[in-house]
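Data block below; observations after.
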Amino acid sequence: MLRQSARLWFRAPRSPFSTVQQEETPAILFAAIGNPVSQYSGTRHNVGVWVLNEVLKNKQDVPPFTPSPLLKGALISEPRDLNCVFFQSTSTFMNLQGSPISKVWNHFRQQHPQSSSALVILHDEIQIPLGKVQVRRQNTSARGHNGLRSIDKAIGPKYTKIGIGIGKPNHSAIDRFVLSKFSLSELSTLSELSVPQVDAVIEEMLKGKYIYERA
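All residue numbers for the sequence shown refer to the numbering used here, where the first residue is 1 and numbers rise by one.
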């Protein structure tokens, strides 16, 4: 169920160059990217994986994640009644995400040849505050995010992004910051604010919103 208090940071006006295709039943691959959970569970860089897990816990029509047959160390959930797949790309490090995402995305499109397939990447975003979520259209920049840059290099930028805010550190050591773990109060903020926002976005995307828009 969508919470009315969920507010998105998706305020950009539609560009005259954008193209929007309305699909009755879009086929969507939702992929959360992060580092291997055995070493980096609970870190800021893995917030996409954590939030997606929390969102799906409350959905009775979505089965639990199971090991992916395509990639060792990755997890997958394939709802029977929804035209989508949820994927946790944690089989490799963040800066190498291009290879696993490319492999799973190509396989997904082969499995849905009759639909206009869409790829949605869930990732951490330092450009927005903790507790905020931002949807960004296809062809937008990686903003220096190593995981997104790796994906762009492998398949190009034609995918939609769900950026989950982790905020900026007070110092310049970005690498150390994104690999640090959330505090209990920060996890509470994610649970109360970020999770319902991402839940709302996913529900809207399953109806065709955002996923075909281009910058």
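For glycine and all other residues, C-beta sits at the position ideal for the given N, C-alpha and C.
Query: Quick one, which of 185, 85, 91, 90 has its alpha-carbon nearest residue 105's?; Result: 85
Query: Quick one: Cα of residue 203 to Cα of residue 170, how far?; Result: 35 Å
Query: Do residue 61 and residue 79 have their beta-carbon atoms positioned less than 8 Å apart in this structure?; Result: yes
Query: Taking the straight line between their C-alpha atoms, what separation do you get for residue 155 and residue 119?; Result: 11 Å
Query: Out of 75, 71, 69, 67, point me to the one whose CA is closest to residue 52's CA.; Result: 75
Query: Should the segment 163 to 183 be called in touch with the segment 124 to 136, which here means at least 3 C-beta pairs below 8 Å?; Result: yes
Query: Curious, which full-length beta strand (DSSP E) runs of at least 3 residues does the segment 48 to 80 contain?; Result: 75 to 77
Query: To the nearest angstrom, report how far apart residue 116 and residue 48 are at their CA atoms.; Result: 24 Å
Query: Expressed to the nearest angstrom, what Euclidean distance is found between the alpha-carbon atoms of residue 143 and residue 157?; Result: 12 Å
Query: Counting along the chain, where does the beta strand (DSSP E) carrying residue 123 start and finish?; Result: 118 to 125
Query: Could you give the residue range of the alpha helix (DSSP H) that holds residue 90?; Result: No alpha helix (DSSP H) contains residue 90, which DSSP labels as neither H nor E.
Query: Report the start-end ranges of each beta strand (DSSP E) in the segment 128 to 170 that is 3 residues or longer and not cut off at the edges.; Result: 133 to 136, 160 to 165
Query: Can you give the Cα-Cα distance for residue 90 and residue 83, rounded to whole angstroms?; Result: 23 Å
Query: What's the C-alpha gap between residue 200 and residue 81?; Result: 18 Å
Query: Quick one: residues in its chain with C-beta nearer than 7 Å to the C-beta of residue 195, no 5 flanking neighbours on either side, listed in chain order?; Result: 51, 54, 55
Query: Here's a check: name, in chain order, each residue in its chain whose Cβ is nearer than 7 Å to the Cβ of residue 236, leaving out the five neighbours to either side.; Result: Within the shown structure, residues of the chain are numbered from 1 to 215, placing residue 236 beyond reach of any answer.
Query: Using C-beta distances below 8 Å, list every residue in its chain close to residue 103, excluding the 5 sequence neighbours before and after it, in chain order.; Result: 70, 71
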